[in-house]
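The numbering of the sequence shown is our numbering, which starts it at 43 and goes up by one.
Remarks on the structure that follows.
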Amino acid sequence: INRMNDLIKVCHIEGRVKIDNKNIYDEDVDVVELRKKVGMVFQKPNPFPMSVFDNIAYGPKIHKVPKKDIKGIVDKTLQDSALYGEVSDRLDSSALDLSGGQQQRLCIARTMAVEPEIILFDEPCSALDPISTNKIEDLILELKKDYTIVIVTHNMQQAARISDYTAFFLMGKIIEFGETNQIFENPKEKRTEDYITGRFG
Numbered sequence: 043i044n045r046m047n048d049l050i051k052v053c054h055i056e057g058r059v060k061i062d063n064k065n066i067y068d069e070d071v072d073v074v075e076l077r078k079k080v081g082m083v084f085q086k087p088n089p090f091p092m093s094v095f096d097n098i099a100y101g102p103k104i105h106k107v108p109k110k111d112i113k114g115i116v117d118k119t120l121q122d123s124a125l126y127g128e129v130s131d132r133l134d135s136s137a138l139d140l141s142g143g144q145q146q147r148l149c150i151a152r153t154m155a156v157e158p159e160i161i162l163f164d165e166p167c168s169a170l171d172p173i174s175t176n177k178i179e180d181l182i183l184e185l186k187k188d189y190t191i192v193i194v195t196h197n198m199q200q201a202a203r204i205s206d207y208t209a210f211f212l213m214g215k216i217i218e219f220g221e222t223n224q225i226f227e228n229p230k231e232k233r234t235e236d237y238i239t240g241r242f243g
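Next up, the structure:
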């Protein structure tokens, strides 16, 4: 959805992905603007090797946000990512010193700092312990009030807990899409039912 696959020569894409009724693969799409609109949080936390403050300030600075506004953005995104109370006294410390769960929430704050409309989460809890996973899930439930959230997960319990809609992909194709309750309780496609019930995985 953010066209990172453009950088992979062997990647082949068919179909359309529309944002605001515009196919993101049209030739006239500004990819830089698209990536500002579509934030990404990866499977493993990937803080930059710099301070907590500078991790979040990095994106706004690149987008030429006035210097006087940077501190407010850092504070707000840390609060919105439920991290401010844990790191407010060490904003100048290295982000690499944070725990795994804190690093992942920092990456979420860093994404929010450039005000995307959509946030992609790629297995955001797979490298985290259950307590950190719970914090991330609670955060996603809050974030979806203000952002469109697209999350990739192989954890069906997680999908059932935090999503409104679910798409089941198999070998790169959408097999079924619908409201989460319908997908899990009354799937229309046999392959969806087989996956949910553990007949294959």
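The C-beta atom is built at its ideal place from N, Cα and C for all residues, glycine as well.
Keep in mind the model is a prediction, meaning the values are calculated, not measured.
Look at Tyr189 here: in three-state DSSP terms it is coil, with no helix or strand label. For Val80, the enclosing beta strand (DSSP E) has its first and last residue at Val80 to Val83.
Here the alpha carbon of Ile182 sits roughly 25 Å from the alpha carbon of Asp111. Contact between Ala137 and Ser93 holds, with the beta-carbon distance rounding to 7 Å and staying under 8 Å. Residues Lys86 of the same chain have their beta carbon placed closer than 6 Å to that of Ala169, with the five preceding and five following residues left out of the count. Taken in chain order, the unbroken stretches of alpha helix (DSSP H) that lie wholly in the stretch 121-146 and span 4 residues or more are 126-129.
When Gly142, Leu212, Val192 and Leu148 are compared, the shortest CA-CA separation from Pro172 is found for Gly142. Secondary structure of Tyr100 (DSSP, three-state): helix. Between Leu133 and Phe90, the C-beta spacing is not below 8 Å. Sequence-distant Cβ neighbours of Ala99 in its own chain, meaning closer than 8 Å and more than five residues away, are Ile112, Ile115, Val116 and Ala155. With contacts defined as CB atoms closer than 8 Å, Leu125 and Leu148 qualify as a contacting pair.
If the five residues before and after Ile160 are omitted, its C-beta is found closer than 6 Å to the C-beta atoms of Val80 and Thr190, all from its own chain and listed in chain order. Here Pro102 is buried: its Cβ has 16 or more other Cβ atoms, across all protein chains shown, within 10 Å.
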